[in-house]
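Counting in our numbering, the sequence shown runs from 493 upward without gaps. Here's the structure we're looking at; comments come further down.
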Amino acid sequence: MYEGNNFLLFENYEGLTIQNLNLTAAANTDPNLPQGNVANVAAIINCSDGFTGELTATLEKVDDNWNPGITSKKNC
493 MYEGNNFLLF
503 ENYEGLTIQN
513 LNLTAAANTD
523 PNLPQGNVAN
533 VAAIINCSDG
543 FTGELTATLE
553 KVDDNWNPGI
563 TSKKNC
């Protein structure tokens, strides 16, 4: 697994099943946190070695792109 700049890559990644998707507008006094149109995502990660994991992500819409703001994962 490689971590850096809020991105996570999974060596044995096979697929992703979204469990929850919440779109909202966010305002924060900290400019390093997501602002404006924000998507909070919870998902299950499926790996080729039989493991599954949990992914939570906060995505921030900048222009026409959804950029990762905060991500975390467990058990994969």
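Just so you know, even glycine gets a beta-carbon here, dropped at the ideal spot from N, CA and C. Note that the coordinates shown come from a computational prediction; the quantities given were computed from them, not determined experimentally.
With 16 other CB atoms within 10 Å as the buried threshold, where does P551 fall?
With the sequence shown as reference, residue 551 is identified as Leu, and Pro is not the correct amino acid for it. By the 10 Å Cβ count, L551 comes out buried.
Counting only the same chain and skipping the five closest in sequence on each side, list residues whose C-beta sits under 6 Å from that of N514.
N532
Sequence-distant residues of the same chain with beta carbon closer than 8 Å to L508, five excluded per side:
A535, I536, I537, N538 and L547
Using DSSP bridges, identify the partner residues of E503.
Answer is none; E503 lacks a bridge partner.
Just how far apart, CA to CA, sit S540 and N512?
23 Å
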